[in-house]
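Colleague: Attaching a single structure in structure tokens format; questions to follow.
Numbering (UniProt numbering), first residue to last: 1 to 119.
So, in structure tokens, the structure goes:
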């Protein structure tokens, strides 16, 4: 259930609030339950590392078989090789942050001091 929320880019605590208010901009808090998304400065560094590793593994899995095959022309291979390192991290950015939050919530469930109750 928690990772399904991450797939839908929803709050890991309530599953109602959206994570993003723009293409790459996250809300500071959940609009539904007021859960603070970022635990500390640099919280998403691990998500960026996962994004980088996932992108590079996928690029390698696609490019290596094409590079070994002599029937594939060089220019399209070069174009794919130059665009994939830019496109893949952008495609995976939102979901790696979301899955990072879900995994962190699985290991360190939320406590009341991280949810802000307005008075």
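Glycine included, every Cβ here is placed at the ideal spot set by N, Cα and C. Fair warning: this is a prediction, and the values are worked out from it, not measured in the lab.
Residue range of the alpha helix (DSSP H) that residue 25 falls in?
Modeller: Run containing residue 25: none; DSSP gives neither H nor E here.
Colleague: Is residue 30 close to chain D? Criterion is C-beta to C-beta, closer than 8 angstroms.
Modeller: Absent from the structure: chain D. Only one protein chain is present.
Colleague: Provide the residue span of the alpha helix (DSSP H) that contains residue 98, from first to last.
Modeller: That run of the alpha helix (DSSP H) goes 74 to 107.
Colleague: Verify whether the separation of the beta carbon atoms of residue 80 and residue 44 is less than 8 angstroms.
Modeller: No, Cβ-Cβ distance for residue 80 and residue 44 is not below 8 angstroms.
Colleague: Suppose you measure from the CA of residue 26 to the CA of residue 61; what does that come to, to the nearest Å?
Modeller: Using only the alpha carbons, I get a separation of about 31 angstroms.
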